[in-house]
Every structure is written in structure tokens, then in C-alpha cells.
């Protein structure tokens, strides 16, 4: 037991462990700012919050541990390439959520990769720039954002361009929503249905 206690004590006070804890603390602070302060605050969508944060933590520790085996930058790019083709088979991830997932992976990789060429100030600066750029893009996007909903509609005779007002009136009657515009995404003549995106006022 004494040997184990001494080993744990030495590990805790080692420079590598202290650096790991420091980097992880910085990573978790910035990922919480990104996901809770920007993504959730703007989108009010809690469905992907857990996934994005857990992905970041997992990538951080995998990158941190494996980067010590002299893989470092090559490993980081390889890891990003793997996750760049990632898809959940049960449901496609929306483009915006995929973008935030890529950002969380990049941040974890930057914060975990240990090299003598990078110091904590440079990594801190990179995190701040990523957060600021994401925040600015989100605010810019929000100004031009129109809330939308996708609807499967069976009266395909109303999807003709000349009957656009009738289509909007029928959709408003059925949904009780105020609709400013519609977009026909897909027409299924076999089942006489159309997938329509409605843009709300």
C-alpha cells in the first residue's frame, strides 16, 4: 500500500500529469463556453449537447495518450480525417451540428497534443480565436435566420407555383402557424406526398 501511495504521489506531482490537468481544465472550460454559451444559447437544442461535450472529452484523452507515442501532428490529422466521415447510422446529423462536432474535435486535438513547439499561451490564443469566430458567425447567421419546420403534405396538387398562396393558407389552417414562405424539398408521386419546408414569421 505504501508503494502504491508513493507511486500515486509521484504521479500527481509529475510535470506531465500537471500539464495534462492544466490542458484538460482549459479544454473543458472552452468546450463548455462553445456548447453551452454559444450552441445551446442560440439554438435551444439540448439533443446534441451531451454528444458534443463527451466527444470532446474522449478525443482529448485519446489524443493526449496516443500523442506521447511520437504520433503527434500526424495522429491529429488522421484522427480528424476519421471523424470527418463520421455519421450516425440511425439518423443523419444536421450540418450545423456536424460543424460544432468538428470544432469540438479540433479543440480537443489542439488542447491535448503535446509538443515542445507549442506553449500554453499559444494554445489559449487558438482557443479564444475559435470561440470568437464561432460566436461572430452564429450572431451573423442569427440575424438572417428564419425558423423553419419540415412537413409531409399529401395534397400535392397545391404545390404548383400558381397555387402557392392556397398552399400556405392550407398549411396555416392545419398547423396553426404563421407561415411566410414555403420550399418544396421532395415530391413523391408514388405516395402522392411532398416534403415541404415551411418558414415561419
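In this note's numbering, the protein residues as written are 6 to 206. Note that CB positions come from ideal geometry on N, CA and C, so glycine has one too.
Assign residue 187 to one of two classes, buried (16 or more other C-beta atoms within 10 Å of its C-beta) or exposed (fewer than that).
buried
Endpoints, the beta strand (DSSP E) within which residue 153 is located: 153–158
So residue 110 packs on residue 64, CB below 8 angstroms; how close in whole Å? 5 angstroms
* Asked: Which residues mark the beginning and the end of the alpha helix (DSSP H) in which residue 32 is found?
  -> 20–37
Legend entry - Test item: CB-CB of residue 43 and residue 139 under 8 angstroms: yes
Practice task
Quick one: using the 10 Å Cβ neighbour count with 16 as the cut-off for buried, is residue 94 buried or exposed?
Solution key: Its pLDDT being 46, under 50, residue 94 is placed unreliably in this model, and the value from its coordinates should be taken loosely. When all chains shown are included, residue 94 counts as exposed.
For this session: For residue 157, collect the residues of the same chain with a Cβ closer than 7 angstroms to its Cβ; drop the 5 residues on either side in sequence, then sort them by chain order.
Result: 198 and 200
Q) For residue 23, does the count of other Cβ atoms within 10 angstroms reach 16, so buried, or fall short, so exposed? A) exposed
Which stretch, first to last residue, makes up the alpha helix (DSSP H) that contains residue 176? 169–180
query = Would you call residue 163 buried or exposed, if buried means 16 or more other Cβ atoms sit within 10 Å of its Cβ?
reply = buried
### Message
Let's test the definition: count the other Cβ atoms within 10 Å of the Cβ of residue 39 and tell me whether it reaches 16, buried, or not, exposed.
### Response
buried
Looking at residue 117 and residue 46, is the spacing between their C-beta atoms short of 8 angstroms?
no
| message | What residue range does the alpha helix (DSSP H) around residue 101 cover? | response | 100–117
Burial state of residue 124 (16 or more Cβ within 10 Å): exposed
**OP:** Look at the Cβ atom of residue 184, then the Cβ atom of residue 203, and state whether they are nearer than 8 angstroms.
**Re:** yes
* Cβ of residue 152 versus every heavy atom of the ligand FMN: is any distance shorter than 7 angstroms? -> As for the ligand FMN, it is missing from this structure, which has no ligand bound.
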